[in-house]
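Protein chains in written order, with the numbering used here: chain C, 1 to 112; chain L, 113 to 223.
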């Protein structure tokens with residue numbers, strides 16, 4: 001079964017600073033990868049998904065971007081953070097032969 | 113557009129008091145309805161996948177059922193360790209690969 005790593009676990013950043021969150025997956029090859037954001041007490045909002053290296057689909061226009069430089073690495077970035085970027089960011093993975101989606105431990109981002 | 117609505121938003125039970133959580137959905141070509149458990153500050157933990165009306169899945173004190181319009185998560189004789197937020201999600205057809213989530217039900221089980 002796959003294992004999803006995310007870092008950092010928590011991050012406090014000033015408005016206008018850059019962002020880089022990393023997600024790596026073990027135990028599966030060529031997975032579909034996803035970035036979600038969860039606001040306090042809310043459901044999960046899909047931000048980006050990727051079906052392969054260099055292939056990124058964006059679900060909502062925003063201040064963020066994503067990249068997939070390697071098969072099992074997914075990066076979420078921003079050039080200039082906004083207060084509204086605060087939230088809990090989750091990376092998820094679906095193996096090619098399965099339907100279930102599994103989540104990493106998340107990164108808590110606070111923008112001040 | 114796929115939509116998922118969960119109710120109630122919050123539920124407080126006494127230990128041993130059975131109840132059900134509701135997930136209503138609209139989706140074009142259901143390719144799976146998923147239940148997750150999420151503890152505070154953690155990522156969601158996968159519980160069940162249901163694919164067709166009438167299907168049921170069980171795990172310990174939890175039982176998930178599915179109709180054409182909604183799913184129920186039945187909790188039998190809950191314990192305090194069942195306290196968590198329970199999330200429901202659907203995957204539709206038309207090539208969409210991601211899940212659409214409801215906002216969850218926060219369950220608190222008191223000893």
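Don't be surprised by glycine CBs; every beta carbon is placed ideally from N, CA and C.
Taking Cβ to Cβ, would you say residue i is nearer than 7 Å to residue j?
i                      : j                      : result
residue 196 of chain L : residue 185 of chain L : no
residue 78 of chain C  : residue 63 of chain C  : yes
residue 27 of chain C  : residue 6 of chain C   : no
residue 144 of chain L : residue 30 of chain C  : no
residue 15 of chain C  : residue 83 of chain C  : yes
residue 214 of chain L : residue 118 of chain L : yes
residue 48 of chain C  : residue 155 of chain L : no
residue 159 of chain L : residue 167 of chain L : no
Take residue i and list the residues in its own chain whose beta-carbon comes closer than 7 Å to its own, dropping the five residues that flank it on each side.
i                      : result
residue 87 of chain C  : 37, 38, 39, 109
residue 120 of chain L : 217
residue 46 of chain C  : 34, 36, 59
residue 111 of chain C : 13, 15, 81, 82, 83, 85, 86
CB-CB under 8 Å to residue i, same chain, minus the five flanking residues each way: which ones, in chain order?
i                      : result
residue 173 of chain L : 187, 188, 189, 190, 191, 194
Using the DSSP secondary-structure output, state which residues sit across from residue i in a beta bridge.
i                      : result
residue 50 of chain C  : C:33
residue 201 of chain L : L:146, L:213
residue 12 of chain C  : C:110
residue 220 of chain L : L:124
residue 176 of chain L : L:169, L:185
residue 140 of chain C : Since the first residue of chain C shown is 1 and the last is 112, residue 140 of chain C is not available in this structure.
What number of angstroms, rounded off, separates the C-alpha of residue i from the C-alpha of residue j?
i                      : j                     : result
residue 18 of chain C  : residue 89 of chain C : 16 Å
residue 164 of chain L : residue 81 of chain C : 43 Å
residue 73 of chain C  : residue 92 of chain C : 11 Å
CB-CB under 6 Å to residue i, same chain, minus the five flanking residues each way: which ones, in chain order?
i                     : result
residue 65 of chain C : 77
Selection of the region 27-52 of chain C by Cβ proximity to chain L, strictly under 9 Å: Residues of the region 27-52 of chain C that bring their beta carbon within less than 9 Å of a beta carbon in chain L comprise 32, 34, 36, 38, 41, 42, 43, 44, 45, 46, 49, 51, in sequence order.
Cβ-based contacts, 9 Å cut-off: residues of the region 62-94 of chain C near chain L: Within the region 62-94 of chain C, the residues whose Cβ lies closer than 9 Å to any Cβ of chain L are, in chain order, 88, 90, 91, 92, 94.
Residues, ordered as in the chain, of the region 207-219 of chain L that lie near chain C by beta-carbon distance below 9 Å: 209, 210, 211, 212, 213, 214, 215, 216, 218
Near-chain C residues of the region 143-163 of chain L - C-beta to any C-beta below 9 Å: Listed in chain order, the positions of the region 143-163 of chain L with a beta carbon within less than 9 Å of a beta carbon of chain C are 143, 144, 146, 148, 150, 153, 154, 155, 156, 157, 158, 161, 163.
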